[in-house]
Structure formats: structure tokens, C-alpha cells
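Visitor: First to last, the protein sequences are chains A and B. Counting along the first sequence from 1, when you hit position 84 you're at 78 in my numbering, and nothing is skipped either side. With positions in the second sequence counted from 1, the corresponding number in my numbering is that position plus 637. Supplied in C-alpha cells, the structure appears directly below.
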Amino acid sequence: QQQVKQSPQSLIVQKGGISIINCAYENTAFDYFPWYQQFPGKGPALLIAIRPDVSEKKEGRFTISFNKSAKQFSLHIMDSQPGDSATYFCAAILSSGSARQLTFGSGTQLTVLP
Amino acid sequence: ETGVTQSPTHLIKTRGQQVTLRCSSQSGHNTVSWYQQALGQGPQFIFQYYREEENGRGNFPPRFSGLQFPNYSSELNVNALELDDSALYLCASSLVGVNTEAFFGQGTRLTVV
């Protein structure tokens, strides 16, 4: 079953706080793990992504932590801002030749209070 | 902005009708994928096109079909629309290769009544 489980469903954080979203996957054949941010009425926008042979990747306030043995990965948003309020999706990519399929988590609705 | 454009942005159709959604890929990208996103859920993979042929498909019935054109633009066609087809339809373009990101358009909101 190509499934990605995401938690929590919703998250409320104070401005300046740390937001943490977790994902777990089953299929060890997944070869790339992106995170997307989506605002209402818009398409998902790529935030940051990581390969399974890397344990951590940081870009600005966003950090992915990846635990290959546990088949888990998480997104940390440092110094969270009201403008970060959006829905966040983790995803896992399965590549086969020229075919690449993204399997998304169910999403986390983040609200950052001013 | 990602450079992936979709049209129309909103559409209302009647159950049983057919619909065509369009996508223009980001310049330099040769692969296009379509996703269905129901309200409050994550996008679900419909299919992918590369070199004008379908090379991957999710769990969607044959009434969902597509085309990719030589300029890498694409269409999603849905026949015999059902109420459950109401969703945001997303197009994503990418370049063949490992670890290349997919960039999404803003989506087409389809409402079936």
C-alpha cells in the first residue's frame, strides 16, 4: 500500500514558536520526500525536499528531519509567522523509469496566532 | 509563480456531461501529471504523461483520460461526470530524472451539479 500518514490534522502555534508536522510512510521504494505549502484556492507550492540518504536538510526557517530506519520524516518551521498559516502536505515520490508518482499525506492546517 | 498555468480556473458542469481541463507546463519540463484534490484532502494522483504517452496511472476509472501535446501542454478529459468528481484538479510539470521537483499550477475548481 503506497500510503503516507501525516499528523497532526491541525496545529495552532503562537508567533515565534516552532511548528512540527510529522509523516510516516510504508513503501521503502519511495526515493524523494518533498513538502508542499498550500493556501486556499491555490495549488501546492514546493517548500523543501529531501533524499532518503540525508538525515536533515535546512532552508531558512524550514528544516526536514528524516529517519530512514523508522520510515518517518518531519517538517520543523522555526520562528513561525502568521504568514505561514496554510495547509502543509508531506509527500513521497516513487520513481520508475520516466514515471514519477507523488503520494501525499492528508495535510496539516497550520494557524500561527499573532 | 511556478510557470504552470491551468484553464479555466472555475467550472460548473451538470452530472453526465463531459469536461476538458487544460494545462501549460513550465518551460523546459517534459512531464505532466494530473491530480484530483477533494475538499480537505491531499491531492490524489490521476495519471502522468511523458513523450505524449501515459506512463503512470492512479486508481481512477477509464472515463478519466488525457493528452499531452508536442509542446508539453496537456488536457484532462472526464466523461460522464458524477457528483463526486467535484474537486480541485491540479496539473504538475516536471523534468524526467531522479530528485527533480514537480511544480503545480493553481488548479481548476470543478463543480458538478
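The beta carbon of each residue, even a glycine, is placed where N, CA and C say it ideally should be.
Under three-state DSSP, which class holds Gly693(B)?
Guide: DSSP places Gly693(B) in strand when its eight states are reduced to three.
Visitor: Using alpha carbons as the reference points, say which of Thr748(B), Ala739(B), Leu747(B) lies closest to Ile42(A).
Guide: Ranking the options by Cα distance to Ile42(A), first place goes to Ala739(B).
Visitor: Give the DSSP-derived three-state secondary structure of Leu720(B) in the structure shown.
Guide: Reduced to three states, the DSSP call for Leu720(B) is helix.
Visitor: Would the stretch 644 to 653 of chain B and the stretch 60 to 80 of chain A be scored as touching if the rule is three or more Cβ pairs under 8 Å?
Guide: No, the stretch 644 to 653 of chain B is not in contact with the stretch 60 to 80 of chain A.
Visitor: Leaving out five residues on either side along the sequence, give the residues of the same chain with a beta carbon under 6 Å from the beta carbon of Glu691(B).
Guide: Closer than 6 Å at the Cβ level, and outside the excluded window around Glu691(B), lie Phe684.
Visitor: Are three or more beta carbon pairs between the stretch 653 to 664 of chain B and the stretch 672 to 684 of chain B nearer than 8 Å?
Guide: In short, these stretches do not touch, since the Cβ pair count stays below three.
Visitor: Hey, would you say Gln743(B) sits closer than 9 Å to Lys36(A), going by beta carbons?
Guide: Cβ atoms of Gln743(B) and Lys36(A): closer than 9 Å.
Visitor: At a Cβ cut of 8 Å, what residues of the stretch 659 to 670 of chain B count as close to chain A, listed as they run along the chain?
Guide: Hits within the stretch, in order: Thr668, Ser670.
Visitor: Can you give the Cα-Cα distance for Ser68(A) and Asn16(A), rounded to whole angstroms?
Guide: Cα to Cα, the separation comes out at about 4 Å.
Visitor: For Pro28(A), name the three-state secondary structure that DSSP assigns.
Guide: Note: Pro28(A) maps to strand in three-state DSSP.
Visitor: Let me see if you follow: with CB-CB separation under 9 Å, is Pro28(A) close to chain C or not?
Guide: Absent from the structure is chain C; the protein chains it does hold are A and B.
Visitor: Taking the beta carbon of Arg94(A) as the centre, do at least 16 other beta carbons fall within 10 Å, making it buried, or is it exposed?
Guide: Buried, by the Cβ-count rule.
Visitor: Could you name the residues of the stretch 12 to 41 of chain A whose beta carbon sits closer than 9 Å to any beta carbon of chain B, in the order they occur along the chain?
Guide: Here the close residues are Asp25, Tyr26, Pro28, Tyr30, Gln32, Gly35, Lys36, Gly37, Pro38, Ala39, Leu40.
Visitor: Taking only beta-carbon positions, decide if Phe741(B) is within less than 9 Å of chain A.
Guide: Taking Cβ atoms only, chain A reaches closer than 9 Å to Phe741(B), which makes this a yes.
Visitor: Identify the residues that DSSP records as bridge partners of Asn714(B): which are they?
Guide: BP columns for Asn714(B) point to Thr657(B), Ser702(B).
Visitor: Going by beta-carbon coordinates alone, are Leu747(B) and Asp721(B) separated by less than 9 Å?
Guide: No, they are not a contact pair.
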